[in-house]
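Student: Residue numbers (this note's numbering), protein chains in the order written: chain R, 14 to 398; chain C, 24 to 664.
Encoded structure:
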């Protein structure tokens, strides 16, 4: 790799050049997923753009533009705002604990008056990844492997996770914890600690389920174990989702003809269970295509991570990718009856602004890493712009 | 965190660790996605048939369709009970919905008062969720369409078309046919036909009274099913093509009643209370069975308000009560015909005369007779209803012989005519006295004279009186009444197959002869003439002291308060020489039998005779000279003694 290759292109700094560096195939995959989501929303609204499909497309358009805008932001700026963003997110999470809105029995929302309301846990998903990347960027391999320094990332992960879990939003808490762990592991955590931790958490699982979880959360897990035990209550969602999936068959019932979703048997059909809607109307072929698109997005992201010269870029991109992958895997497993019902949507396919924004901001970071893959990020603050 | 420089080897170490682990991460994710795809393949390809079936059972429901209830017709096929279409408003309580608020919203479309709202809320409380409850029956087309258009704004509310039971003749058949009503919680049983799910259908009605109740299962039919596409809330989205199972209508029931006679019968009573039964004395077919006053059965179908029901229930003329079957009265002097038969059967000479000075002494008591009849034989005693004669011969016969004859004439028993609620009445004898009066078990001779004139313990209902008259007129067979002619086109056996009564036909002819004189020169001479050529009606009047029998010393006639007056009876048959129809008329607290009951019997009988095609030629024959009429009328059966 020549010196010119390392610096020149990245240092050109011209906006148009930067934009051309954004991965076109990657963007196409995102657009295809979002359009598939809008198509399904159009179908289940009875062939109507209202109330979901038009909104979904508009939001995606806005989020896409935002992604492009974020992609041209210099990686060093990302590094600079990493800690402040994490700190702000943590403060907001505490704030939501104190003054947040209670909706559907959980205190997750912060009211911003005319700007609407949002969930601070969404910003934290990005904030945590950035902060961990920033931390490990300045840490030697040895210390990252096994040392007392690890207590710092552990605290960085644990604090937001516990706050979010207390809301209670078990799905997001799990997502935060797993994302954080992925970054820590990718940064080079010793396998000894990994396996020890794994063993320990497995041992801690039964008491956790028995004593820490809320009743409804425990109920969800029990129902998940045996959904037929309660077909009208909590097991209803899982059962109806499986019926929708299973009845789709190889080719599906046809666009607009899914009886499970059209007749409202499927709960949350436009949000958490939109994958089941798609499965019903487009069958195994449609599902496989969407899963391939997701896999493509994930691999293109990971490739971007491995191309990055900066450790910060590598780790944050991998962190964002793992969040995205976790969304897909958890939602997929839930819809297929392999995981308890937790409020995790299928990213970009499901209706909902909050998660779409989070995901697209994350991809903005990923594309920024790609655009600035040759940029060196120094560890000290003084080296910032 | 002040690590100004990281040595190059360390950077490389971090990078290579990252690359290795990122590769592992990618592999892990790929495995995860592959697992999803595998699961998807299992659900969608392997288990597809199973889930397809589940999906179909979600999507389609079979909605029960109530069967059209069987019609009820008279003997000539005139409709007495049928169904007509109606629009109704239904509401099924939804999850997280305040029914009270919904009812208030609906009140904007269909007017409802508070009592009605309370009732609907109670109905909703009793019904399981998602089971539609009728909010309003018989709404207008405008109301129907107004609600239908706004169906999407009113979740759980539907307006549909159903059928409602209708009785075109209102009150005339109300006691016989009864009525249908909404199904109560108590109607639903764990097993049997009343456990079927159709019972919960808001359009379904159950027979509540009379024949509607007795023949409920025959009239009900079998519910059909309609295949509909439903959403998760169980709301009908659209009708599914094909797959409907048609409902089987209930069986048609044909009665032996004649609509014209029944209507005329009710009309004849006017404001009076009473009963009239008219039957064919050759086969036992009931042509009219009237109880007056009556009520409009259609109001019960719609649902009666408490005030309406109270008004009906508290009226002292008791319109809800079937007086032809359920009410029993002393037979009064109509009973004398049976005492006469008993006397003849036990060898008393009909020509023997008994002097009537207008009273009779027995056991330190003076027994009254209605008139001073002088020397009286059996024929005259019946014609003029002489109490003295019957006091004497009943005393001679004793209660058991009289009771035996009365029972053979059909008193003291209930008949299987298809409707419940008949009272057997009472034919007393020594056995009865012994069993029911443990402190005074002996039959005192002083109790017999009352029995002889149809007072005392004796109680009969109008149907029994008519049966008794029909058996007298028939002369041979112990006829039984028939009300239901056919169910679903299958005829029921008529009363002609009855066994013989085993009386000497000459004895009965003799009594019939005397009954003929009742309407020519006896008690009903002025009120019992039907004036149809040479056809005459024979009969016997009766004035029964129902309130408190005291040997004829009570309030007679139409004086005094209504509820203390005597009951008026008339039993008879016509034509007198070749009887076809028998009749019994009771006017509750009507006063004298000859005044209150006989004219009504005459009018009803007149119509029955006019309607009979076989009598037409006799009626239309120009009247013969008066002398020969009297001769042929009486002479046909031996002439008066």
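C-beta atoms are modelled at their ideal positions from N, C-alpha and C, and glycine is treated no differently.
Is it a yes or a no for the region 346–361 of chain R touching the region 281–294 of chain R, going by three-plus beta-carbon pairs under 8 Å?
Tutor: Counting Cβ pairs under 8 Å, three or more are found: they touch.
Student: Would you mind working out which of R:196, R:82 and R:183 sits nearest residue 170 of chain R, comparing C-alpha positions?
Tutor: Of the candidates R:196, R:82 and R:183, the one whose C-alpha sits nearest the C-alpha of residue 170 of chain R is R:196.
Student: Which value, in whole angstroms, describes the spacing of the CA atoms of residue 321 of chain R and residue 82 of chain C?
Tutor: C-alpha separation (whole angstroms): 53 Å.
Student: Under a CB-based cut-off of 8 Å, is residue 261 of chain C close to chain R?
Tutor: Residue 261 of chain C does not count as touching chain R.
Student: Residues of chain C with CB under 7 Å from residue 327 of chain R, in chain order?
Tutor: Residues of chain C passing the Cβ test: 41.
Student: Are the CB atoms of residue 358 of chain C and residue 477 of chain C within a distance shorter than 8 Å?
Tutor: Yes. Within cutoff.
Student: Tell me whether residue 356 of chain C sits in a helix, a strand or coil according to DSSP, three-state version.
Tutor: DSSP places residue 356 of chain C in helix when its eight states are reduced to three.
Student: Could you tell me the distance, in whole angstroms, from the CA atom of residue 572 of chain C to the CA atom of residue 426 of chain C?
Tutor: The pLDDT assigned to residue 572 of chain C is 48, lower than 50, so where the model puts this residue is not dependable; a value taken from the coordinates is nonetheless given after this. Approximately 19 Å between the Cα atoms of the pair.
Student: Quick one: what's residue 566 of chain C bridged to in DSSP?
Tutor: DSSP output for residue 566 of chain C lists C:591 as bridge partner(s).
Student: Using a Cβ-Cβ cut-off of 8 Å, state whether residue 84 of chain C counts as contacting chain R.
Tutor: No, no contact with chain R.
Student: Counting only runs of 3+ residues fully inside the region 365–405 of chain C, write out the beta strand (DSSP E) ranges in chain order.
Tutor: Counting only runs of 3 or more, we get 377–379, 382–385, 388–391 and 397–399.
Student: Are any of the Cβ atoms in chain C nearer than 8 Å to that of residue 208 of chain R?
Tutor: By this cut-off, residue 208 of chain R is not an interface position.
Student: Starting from residue 54 of chain R, trace the beta strand (DSSP E) both ways and give me its first and last residue.
Tutor: Counting along the chain, residue 54 of chain R falls outside any beta strand (DSSP E), though it belongs to the alpha helix (DSSP H) covering 37–57.
Student: Check whether the Cβ of residue 137 of chain C lies closer than 8 Å to any Cβ atom in chain R.
Tutor: So, not an interface residue.
Student: Please classify residue 277 of chain C as buried or exposed, where buried requires at least 16 neighbouring CB atoms within 10 angstroms.
Tutor: Buried, by the Cβ-count rule.
Student: If you measure beta-carbon to beta-carbon, which residues of the region 50–76 of chain R are closer than 9 Å to chain C?
Tutor: Cβ contacts with chain C: none found.
Student: Output needed for residue 278 of chain R: all residues of its chain with C-beta closer than 6 Å, excluding positions within five of it in sequence on either side, in chain order.
Tutor: Hits under 6 Å: 253.
Student: Just how far apart, CA to CA, sit residue 389 of chain C and residue 328 of chain C?
Tutor: Their backbone Cα atoms lie some 54 Å apart in a straight line.
Student: Closest Cβ-Cβ distance between residue 131 of chain C and chain R: below 8 Å?
Tutor: Not an interface residue.
Student: Does the separation of the CB atoms of residue 314 of chain C and residue 347 of chain C fall below 8 Å?
Tutor: Cβ distance < 8 Å, so residue 314 of chain C and residue 347 of chain C count as in contact.
Student: Using a Cβ-Cβ distance under 8 Å, would residue 198 of chain R count as near chain C?
Tutor: Output row for residue 198 of chain R: interface = yes.
Student: Which residues of the region 212–231 of chain R have a Cβ closer than 9 Å to any Cβ of chain C? Give them in chain order.
Tutor: Answer set for the region 212–231 of chain R: empty.
Student: Check each residue of the region 306–325 of chain R: if its Cβ is closer than 8 Å to any Cβ of chain C, include it; give the result in chain order.
Tutor: Cβ contacts with chain C come from 307, 308, 311, 312, 315, 318, 319 and 324.
Student: Is it buried or exposed, residue 138 of chain C, if we count other Cβ atoms within 10 angstroms and call 16 or more buried?
Tutor: That one is exposed.
Student: Is the beta carbon of residue 51 of chain R less than 8 Å from the beta carbon of residue 35 of chain R?
Tutor: Taking 8 Å as the Cβ cut-off, residue 51 of chain R and residue 35 of chain R do not qualify as a contacting pair.
Student: Between residue 74 of chain C and chain R, is the shortest Cβ-Cβ distance under 8 Å, so that the two count as touching?
Tutor: Answer yes: the Cβ-Cβ gap between residue 74 of chain C and chain R drops below 8 Å somewhere.
Student: Just the C-alpha distance for residue 682 of chain C and residue 226 of chain C, rounded to the nearest angstrom, thanks.
Tutor: For residue 682 of chain C there is no data in the structure shown, the boundaries of chain C being 24 and 664.
Student: My guess is that residue 545 of chain C and residue 407 of chain C are in contact by the Cβ rule of under 8 Å, so how many angstroms apart are they, rounded?
Tutor: Indeed they touch by this definition, with Cβ atoms about 6 Å apart.
Student: From the DSSP output, in three-state form, read off residue 159 of chain R for me.
Tutor: Residue 159 of chain R: coil per DSSP, three-state reduction.
Student: Got a sec: is the Cβ-Cβ distance from residue 251 of chain R to anything in chain B below 8 Å?
Tutor: No chain B is present in this structure, whose protein chains are R and C.
Student: So, under 8 Å CB-CB, residue 87 of chain C and residue 224 of chain C are touching, yes? Tell me the CB distance rounded to an integer number of Å.
Tutor: Their Cβ separation, rounded to whole angstroms, is 6 Å, which keeps residue 87 of chain C and residue 224 of chain C in contact under 8 Å.
Student: Within 8 Å (strictly less), CB to CB, does residue 78 of chain C reach chain R?
Tutor: Yes, residue 78 of chain C counts as interfacial toward chain R.
Student: Comparing C-alpha positions only, which one of C:128, C:201 and C:43 sits nearest to residue 319 of chain C?
Tutor: For residue 319 of chain C, the nearest C-alpha among the options comes from C:201.
Student: Taking only three categories from DSSP, how would you classify residue 62 of chain C?
Tutor: In the structure shown, residue 62 of chain C sits in a helix (DSSP, three-state: H, G or I).
Student: For residue 239 of chain C, which residues from the same chain have a beta carbon less than 7 Å from its beta carbon, with the 5 sequence-adjacent residues on both sides left out?
Tutor: Taken in chain order, the residues that qualify are 229 and 230.
Student: With burial defined as no fewer than 16 other Cβ atoms inside 10 Å of the residue's Cβ, what is the status of residue 605 of chain C: buried or exposed?
Tutor: By the neighbour-count rule (16 or more Cβ atoms within 10 Å), residue 605 of chain C is buried.
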